[in-house]
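First the structure, in the form of structure tokens, and then the observations on it.
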Amino acid sequence: MPGRGLEDVVAAQTAISDIDGRLGRLFYVGYDIHELAENSTFEETVWLLHHLKLPTQDELDQIADQLGVERDLDDFVLRLMPTMAEQTSPMSMLRTTVSAMSAHDPDGWDQSPDANYRKAMRLVARFPTVIAMYDRIRKNLDVIKPNPKLSHAGNLLYMLLGHEPEEEMARVLDICLILHADHTMNASTFAARVAASTLSDIHSAITAAIATLKGPLHGGANEAVMNMLLKIDDPGKVEAHVKKLFAEKKKIMGFGHRVYKTEDPRATVLRKLAKQVGEHVGETKWYEMSLTVEEVVKAEKGLYPNVDFFAASVYYGLGIPVDLFTPIFAASRVSGWTAHVREQYDDNRLIRPESDYIGPRNQHYISIDQRG
Ligand code: ACO
């Protein structure tokens, strides 16, 4: 009998990423995440996840160009956006927009491998445009057109904040995007693969993934972390606040993980970035409060921070609105989701697990007037 929540169940074979939960290591195609965070770029990582090898210079130029020219949204989405900016939360908007994008994709309903690759690149290219446009319309600000000369990360910050970011801050976001790009059979990737396994289209699979990432036990935790820090506000009150949460048997967002039994390797990098961004913007309070939360949670329950914990203060320092933290996560993870969907199509078998029936048996129908 598998564990509850499919714990320890192997749901797919994959050549995309791998985790060693005991040693706290994460690999994309065999490359340690620390080496990639140090040396790679998001564009290169997208190529790696989709082609299962690092690109040559020509290939890197090719994918950077492709992601650069595919950033513009179609008219259908442009017409929808003002209504969504007015009426929906960011993750609901993203879910609806990706679903809507399927209607006007230049490759239509072509599900050939080549068309699916192009659709995947379009999705990766357009997430930042969608997120930035939504934010600026809801704030009555001018929408900023994508700048194809900027990197994926630099352009995201540019469209969102309305000015070209400093190189150091663009690189910080670039590293965050690398760190969030893939993570084996997490809940949203599993959801995407389940949808793909029915041979549903790639936009449907990514819509399912966004819906799954949205929840606070998955991608929604980064927003919850920042809201907790903002609510505490005073470094002197962190310990009491966290202890109160434990006393009330509440979960501390940004801690714990199904697979890692030690520190999440992404948290190690993000802790350093949180310090770097805090010092750069002259506000280290959130980083310092995070360190205290970490200390108390470790002492009280022996839990380690996951990817969402320090990402919160990094994004906050970069000037990203708190309710966009999870969409920014999605803007990176769409690279891994689409790679997994294409891998599923390449060697598909319908994903259809069993359930363990625990209800009554051998019942007989009773007419409605005789039911107690
Ligand atoms: N705060 C307090 N206690 C926790 C936490 C936490 N964050 N995480 C786990 N625990 C405790 C549980 O209460 C449980 O304790 P018990 O055995 O005494 O009842 C034990 O640790 C096991 O926890 P489960 O929830 O069963 O572990 P599971 O593997 O199902 O959940 C999860 C993993 C969902 C990430 C969990 O640790 C959690 O809810 N964390 C907070 C939300 C969060 O940060 N999510 C982001 C995860 S990373 C990502 O998805 C991008």
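Our numbering puts the sequence shown at residues 11 to 382.
All C-beta atoms, glycine included, are put in the ideal place defined by N, C-alpha and C.
Being a predicted model, the structure only gives us computed values, none of them experimental.
- Exclusion of the five residues before and after Ala231 leaves Met263, Gly264, Asp318 as the residues of its chain whose Cβ lies within less than 6 Å of its Cβ.
- Segment contact: the stretch 293-305 against the stretch 157-169, fewer than three CB-CB distances shorter than 8 Å; contact not assigned.
- Taking non-hydrogen atoms of ligand 1 into account, the C-beta of Asp192 is found less than 6 Å away from none of them.
- CA-to-CA, the gap between Glu273 and His290 works out to about 26 Å.
- Using a Cβ distance threshold of 7 Å, His374 and Arg203 do not count as a contacting pair.
- When C-alpha distances from Pro156 are compared across Asn150, Ala341, Met143, Arg148, the shortest belongs to Met143.
- Taking 8 Å as the upper bound for CB-CB distance, Phe256 and Lys308 are not in contact here, some 12 Å apart.
- For Arg132, the CB contacts under 6 Å within the same chain, skipping 5 residues up- and downstream, are Glu80 in chain order.
- The stretch 49-66 makes no contact with the stretch 12-24: fewer than 3 CB pairs, one atom from each, lie closer than 8 Å.
- Ile376 and Pro370 have their alpha carbons spaced roughly 15 Å apart.
- Under the three-pair Cβ rule at 8 Å, the stretch 113-121 counts as touching the stretch 85-93.
- Collapsing the DSSP output to three states places Leu36 in a strand.
- DSSP places Tyr41 in the strand class (E or B) of the three-state scheme.
- For Ile376, the secondary structure class from DSSP, reduced to helix, strand or coil, is coil.
- Under the Cβ criterion (8 Å, minimum of three pairs), the stretch 219-233 counts as touching the stretch 334-342.
- Taken from the Cβ of Val317, at least one heavy atom of ligand 1 lies inside 6 Å.
- In the three-state reduction of the DSSP assignment, Pro337 falls in the helix class.
- The stretch 206-255 is shown to contain no whole beta strand (DSSP E) run of 3 or more residues.
- Setting aside the 5 residues that flank it on each side, Asp333 is surrounded in the same chain by Ser99, Pro100, Glu233, each with a C-beta closer than 8 Å to its C-beta; the list follows chain order.
- Met195 has its CB no nearer than 6 Å to any heavy atom of ligand 1.
- Ser161 sits in coil when the DSSP states are folded into three classes, being neither helix nor strand.
- Counting only the Cα atoms, Arg14 lies some 14 Å from Ala197.
- DSSP lists Phe265 as the bridge partner or partners of Pro315.
- A distance of 7 Å or more separates the beta carbons of Ser27 and Tyr41.
- For Asp184, the enclosing alpha helix (DSSP H) starts and ends at 177-190.
- Residue pairing for Ser109: DSSP places it in no beta bridge.
- With a cutoff of 7 Å on beta-carbon distance, Ala163 and Leu187 are scored as near each other.
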